[in-house]
Amino acid sequence: MSKDININVHHVARVEGHGNIVIDVQSGELKKVELQIVESPRFFEAMLRGRRFPEAPQITSRICGICAVGHTTASLRALEDALGIEPSEQTLLLRKAVLEAEIMQSHVLHYYFLVAPDFFSVPSVIPLAASHPDVVKRALRMKKLADDIVTIIAGRHPHPISMVVDGFTHIPTEAQLRDALKQLKTMLSDDVPPTLDLFASLKFPAFERKTDYVALKHPDEYAYYDGIIHSTETGETRHRDYKNKVKEEVVLHSTAKQAKGPFRPYMVGALSRFNINSDQLMPAAKAAAQKLGLAAPNYNPYLISAAQVVESVHNIERMIYLIEELLRRGLKDETVERQTIAGWSAKLPPVKKCWGVGAVEVPRGVLFHEYRIDDDGLLSWANCVIPTGQNLANIEDDMRALVPTILDRPQEEITLLLEMLVRAYDPCISCSVHMLKVDFV
Amino acid sequence: MSKPKVGFFSFTSCEGCQLVVLSMADKLFDLLGAVEVVNFREASSYKGEDYDVAIVEGALSTVHEIEEIRAIRQQAKILIALGACAHIGGINCIRNFDNQFEIKKSVYGDKVANFDSILAQPIDAVVKVDYYSRGCPPNRDGEEFVEIVTAILQGKKPYIPNFPVCVQCKMKGNVCTFHKERPITCLGPVTRAGCSAHCPSYGNACIGCRGLVEEPNLNAHQETLSGAGLTVEESLKFYRMLNGMMEVGK
Ligand code: SF4
Ligand code: SF4
Ligand SMILES: [Fe+2]
Numbered sequence: 001m002s003k004d005i006n007i008n009v010h011h012v013a014r015v016e017g018h019g020n021i022v023i024d025v026q027s028g029e030l031k032k033v034e035l036q037i038v039e040s041p042r043f044f045e046a047m048l049r050g051r052r053f054p055e056a057p058q059i060t061s062r063i064c065g066i067c068a069v070g071h072t073t074a075s076l077r078a079l080e081d082a083l084g085i086e087p088s089e090q091t092l093l094l095r096k097a098v099l100e101a102e103i104m105q106s107h108v109l110h111y112y113f114l115v116a117p118d119f120f121s122v123p124s125v126i127p128l129a130a131s132h133p134d135v136v137k138r139a140l141r142m143k144k145l146a147d148d149i150v151t152i153i154a155g156r157h158p159h160p161i162s163m164v165v166d167g168f169t170h171i172p173t174e175a176q177l178r179d180a181l182k183q184l185k186t187m188l189s190d191d192v193p194p195t196l197d198l199f200a201s202l203k204f205p206a207f208e209r210k211t212d213y214v215a216l217k218h219p220d221e222y223a224y225y226d227g228i229i230h231s232t233e234t235g236e237t238r239h240r241d242y243k244n245k246v247k248e249e250v251v252l253h254s255t256a257k258q259a260k261g262p263f264r265p266y267m268v269g270a271l272s273r274f275n276i277n278s279d280q281l282m283p284a285a286k287a288a289a290q291k292l293g294l295a296a297p298n299y300n301p302y303l304i305s306a307a308q309v310v311e312s313v314h315n316i317e318r319m320i321y322l323i324e325e326l327l328r329r330g331l332k333d334e335t336v337e338r339q340t341i342a343g344w345s346a347k348l349p350p351v352k353k354c355w356g357v358g359a360v361e362v363p364r365g366v367l368f369h370e371y372r373i374d375d376d377g378l379l380s381w382a383n384c385v386i387p388t389g390q391n392l393a394n395i396e397d398d399m400r401a402l403v404p405t406i407l408d409r410p411q412e413e414i415t416l417l418l419e420m421l422v423r424a425y426d427p428c429i430s431c432s433v434h435m436l437k438v439d440f441v
Numbered sequence: 001m002s003k004p005k006v007g008f009f010s011f012t013s014c015e016g017c018q019l020v021v022l023s024m025a026d027k028l029f030d031l032l033g034a035v036e037v038v039n040f041r042e043a044s045s046y047k048g049e050d051y052d053v054a055i056v057e058g059a060l061s062t063v064h065e066i067e068e069i070r071a072i073r074q075q076a077k078i079l080i081a082l083g084a085c086a087h088i089g090g091i092n093c094i095r096n097f098d099n100q101f102e103i104k105k106s107v108y109g110d111k112v113a114n115f116d117s118i119l120a121q122p123i124d125a126v127v128k129v130d131y132y133s134r135g136c137p138p139n140r141d142g143e144e145f146v147e148i149v150t151a152i153l154q155g156k157k158p159y160i161p162n163f164p165v166c167v168q169c170k171m172k173g174n175v176c177t178f179h180k181e182r183p184i185t186c187l188g189p190v191t192r193a194g195c196s197a198h199c200p201s202y203g204n205a206c207i208g209c210r211g212l213v214e215e216p217n218l219n220a221h222q223e224t225l226s227g228a229g230l231t232v233e234e235s236l237k238f239y240r241m242l243n244g245m246m247e248v249g250k
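In structure tokens form, the structure reads like this:
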């Protein structure tokens with residue numbers, strides 16, 4: 001069939017930030033597929049140059065309001081990797097708990113507010129609030145509990161206050177943690193089952209394309225905070241050698257730097273993590289995957305949203321585990337015995353020229369921060385590789401594979417399927433500018 | 001009177017301000033009863049162009065954004081700057097103090113000419129702003145934003161304190177960060193209160209996200225900072241973390 005299609009979606013809605021999709025089909029032949037990022041460039045790496053090293057987490061948190069804890073964590077881990085600092089067991093438990101909370105918060109926001117409206121054929125969550133108030137209230141309740149947990153531990157979401165190099169400047173009270181624990185358990189018993197019922201009833205578009213799945217992997221747990229870089233195609237890479245797997249390229253049609261692996265585009269994020277680490281999910285999350293019909297490996301990118309639902313159940317279970325562990329050990333103020341170097345500590349400890357890398361799983365995939373620190377304690381160089389940037393080339397490959405199979409459908413349907421595809425990846429444009437409208441030109 | 005129509009707009013930012021507004025869950029439902037949201041890109045795929053109140057997040061950092069804010073100002077009866085990026089330029093202004101060409105080149109290499117980028121500026125550097133909802137992100141988990149919008153809808157002037165963060169910090173009974181066993185320097189003495197001294201209450205320093213009080217005692221503060229061990233250059237960097245624009249007369 002020969003057909004001309006020009007799709008030009010300007011500012012794809014319900015993604016975090018500004019992006020366009022451009023598709024050009026001439027006489028049934030696909031000429032152009034582009035995912036354009038039109039957000040203003042932000043230059044965070046340049047901003048870091050010349051700043052005192054412990055400021056980095058406070059500055060880079062402001063790359064993105066959705067994964068602020070993720071950036072803070074990657075930043076702290078890069079600094080600690082450079083300085084040879086090993087934080088206390090308590091710090092690790094607290095950091096892991098806030099990271100789980102942020103991932104859950106982001107997933108809930110994405111699958112309930114940004115993805116679900118597609119299945120109810122409404123433009124946004126606002127009409128849903130009138131037609132399905134129970135669904136929207138549940139979503140808000142789940143998001144709020146995650147936000148509250150970040151707040152009691154880290155002070156605020158976004159832009160955590162108390163997370164600093166080698167520790168926390170403030171710790172939650174046991175009463176706050178007990179209260180959070182109670183709410184988490186209620187959520188697992190009352191809000192998770194209807195969430196699973198809803199998402200099990202949705203029909204996700206059928207489409208499969210196998211790609212290279214990349215995520216952190218850790219022997220002891222479903223990896224978020226720590227792990228080795230694992231690729232289903234190229235094997236394992238140490239975090240400090242991340243550049244062997246990840247290469248950033250400036251592509252003319254976007255202000256975000258695209259990252260491509262040396263061999264071919266790859267996917268990061270919830271589905272990649274699920275494909276690689278699903279046997280380490282907590283029990284209710286495993287049951288959730290079964291209920292949603294998700295089994296590893298899965299090659300349908302539309303099911304990233306389903307993987308997010310599964311992960312959010314895991315997040316709740318993990319928070320319960322981590323908080324119980326903190327309560328069992330008892331919390332103590334470590335600000336004096338440890339270094340806890342706040343961004344604007346009056347005096348910086350002496351440092352020697354060093355460099356380090358932090359690799360952390362954030363809602364949309366693996367995030368890298370790399371810093372060089374000089375003898376004077378100032379950052380001399382920085383690089384941040386963002387999950388959405390890593391996914392861009394893979395999304396374009398998916399669109400290239402998908403478009404020819406749906407050319408016989410009406411243009412509106414093609415557009416919707418493409419928008420849904422891009423939304424499934426949950427692209428974070430704030431983050432990657434350092435993306436989304438569909439333009440069929 | 002019919003419900004005022006509200007549009008949300010986002011410029012150079014982390015979009016955290018919109019998120020804070022979105023997470024105002026129950027309060028948001030009450031507000032939704034009083035206003036009609038016609039443009040909220042993050043939450044909706046319907047883009048209305050018909051609005052009376054524009055709520056704007058983010059700083060201006062491209063020529064294109066300057067054109068857009070002018071168009072928004074023409075349409076909106078009331079313009080509210082939401083968050084530090086919109087109010088004082090925020091984190092985006094750090095780069096204003098470096099060589100712009102070098103910065104762009106360091107990121108985009110020989111493709112530097114293709115990227116539209118100018119010095120980052122707050123909204124009121126280009127158009128008149130009627131109200132400010134301060135903070136990075138908007139303070140007290142968005143409570144203050146809801147108070148401001150509620151006051152505006154009732155035709156009242158929102159109350160914004162004009163005394164330093166230190167006052168609220170003392171009221172909360174915090175140990176001053178300058179006097180800790182391992183001291184942390186703080187912008188609380190010159191920053192406008194209203195956040196209940198959020199950061200010092202979590203054991204860290206105020207980094208000035210609400211902007212300066214009117215007539216800040218910068219000389220005295222400079223002495224405090226150098227007394228604690230910061231060089232003049234370091235103090236400047238501290239101010240410039242979120243308040244880079246103060247040096248051009250804000
Ligand atoms: S003011 Fe802060 S929270 Fe708001 S958009 Fe700017 S960086 Fe993000
Ligand atoms: S203490 Fe300072 S930096 Fe923190 S919220 Fe208040 S004004 Fe902003
Ligand atoms: Fe992000």
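In order, the protein sequences belong to chains A and B.
The UniProt record's numbering applies: residue 1 is where the first sequence begins, and numbers increase by one.
The UniProt record's numbering applies: residue 1 is where the second sequence begins, and numbers increase by one.
Idealized CB from N, CA, C, for every residue including glycine.
Here the structure is a predicted model, which is why all the values come from computation and not from measurement.
What alpha helix (DSSP H) runs, 4 residues minimum, are completely inside the segment 382 to 434 of chain A?
-> 387 to 402, 411 to 424 and 429 to 432
Residues that A/T169 contacts on chain B, provided the C-beta gap is smaller than 7 Å = Y202, G203 and N204
Near ligand 2: A/V165 beta-carbon under 6 Å from a heavy atom = no
Consider the Cβ of B/A84: report whether some Cβ of chain A lies at a distance smaller than 7 Å.
-> no
Using DSSP bridges, identify the partner residues of A/F368.
-> A/A359 and A/V385
Per DSSP, cross-strand counterpart(s) of B/Q121 = B/L60
Is DSSP giving A/H107 helix, strand or coil here?
-> helix
Assuming A/N391 contacts A/P427 under a Cβ cut-off of 8 Å, what Cβ separation, rounded to an integer in Å, is found between them?
-> Contact flag correct, Cβ pair sits at about 7 Å.
Nearest-angstrom Cα distance between A/V366 and A/M420?
-> Each residue's alpha carbon lies about 22 Å from the other.
Could you tell me whether the Cβ atoms of B/G208 and B/N96 are closer together than 7 Å?
-> Contact: no.
Which partner residues of A/G235 appear in the DSSP bridge assignment?
-> A/S231
Is B/K250 close to chain A, meaning its C-beta is less than 7 Å from at least one C-beta of that chain?
-> Interpretation of B/K250 is limited by its pLDDT of 40, a score under 50 that renders its predicted location unreliable; the figure taken from the coordinates is listed afterwards. No, B/K250 lies away from the interface with chain A (no Cβ there is under 7 Å from its Cβ).
Would you check if the segment 106 to 114 of chain A and the segment 80 to 92 of chain A touch, i.e. whether three or more CB-CB distances between them fall below 8 Å?
-> no
Could you tell me which residues DSSP pairs with A/Q26 in its beta bridges?
-> A/E29
Buried versus exposed call for B/D141 [16 or more other C-beta atoms within 10 Å across all chains shown] | buried
Comparing alpha-carbon positions, which option in B/A84, B/P216 and B/T191 lies nearest B/V165?
-> Minimum Cα-Cα distance from B/V165 among the listed residues B/A84, B/P216 and B/T191 corresponds to B/T191.
Can you list, in chain order, the residues of the segment 40 to 51 of chain A whose Cβ is nearer than 9 Å to any Cβ on chain B?
-> Answer set for the segment 40 to 51 of chain A: S40, P41, R42, F43, F44, E45, A46, M47, L48, R49, G50 and R51.
If we ignore side chains and look at the alpha-carbon of each, how far apart do A/K332 and A/P349 end up?
-> 23 Å
Which residues, taken in chain order from the segment 328 to 356 of chain A, show a beta carbon closer than 8 Å to some beta carbon of chain B?
-> T335, V336, T340, A342, G343, W344, S345, A346 and K347
Just the C-alpha distance for A/T396 and A/A223, rounded to the nearest angstrom, thanks.
-> Reading the sequence as shown, one finds Glu at residue 396 of chain A and not Thr. Computed Cα separation, rounded: 27 Å.
What is the C-beta distance between A/R338 and A/G65, in whole angstroms, given that I count them as a contact (C-beta under 8 Å)?
-> The Cβ separation is near 29 Å, so there is no contact.
Taking Cβ positions only, does A/G235 come closer than 7 Å to chain B?
-> no
Ignore the nearest five residues each way along the sequence and tell me which others in B/E143's own chain have a CB closer than 7 Å to its CB.
-> none
Limits of the alpha helix (DSSP H) - the one that A/D81 falls within | Membership of A/D81 in the alpha helix (DSSP H) is indicated by the continuous run A68 to L83.
Any heavy atom of ligand 2 closer than 6 Å to the CB of B/V165?
-> yes
Closer than 7 Å to chain A by CB, B/A43 = Any reading at B/A43 must be qualified, since the residue scores a pLDDT of 43, below 50, and its modelled position is unreliable; no value is offered.
Buried or exposed: B/T12, going by 16 or more other Cβ atoms within 10 Å of its Cβ?
-> buried
With 16 other CB atoms within 10 Å as the buried threshold, where does B/E42 fall?
-> In this predicted model, B/E42 has a pLDDT of only 45, less than 50, meaning its place in the structure is not dependable; the value taken from the coordinates is given anyway. Buried.
Flag this pair as yes or no: are the beta carbons of A/M319 and A/E102 separated by less than 7 Å?
-> no
Quick one: using the 10 Å Cβ neighbour count with 16 as the cut-off for buried, is A/T173 buried or exposed?
-> exposed
Of the residues that make up the segment 175 to 189 of chain B, which ones have a beta carbon closer than 9 Å to any beta carbon in chain A?
-> Near chain A, meaning a CB-to-CB distance below 9 Å, the residues of the segment 175 to 189 of chain B are T177, F178, K180, E181, R182, P183, I184, T185, C186 and L187.
Can the beta-carbon of A/P387 be found closer than 7 Å to that of A/V268?
-> yes
Let me know if B/V63 comes out buried or exposed under the rule of 16 or more other beta-carbons within 10 Å of its beta-carbon.
-> exposed
Cα-Cα separation, B/Y239 to B/L187 = 8 Å
Going along the chain, which unbroken runs of the alpha helix (DSSP H) with 4 or more residues stay wholly within the segment 166 to 228 of chain A?
-> 174 to 190 and 192 to 201
Sheet register partners of A/P123 (DSSP bridge) | In DSSP, A/P123 forms no bridge with anything.
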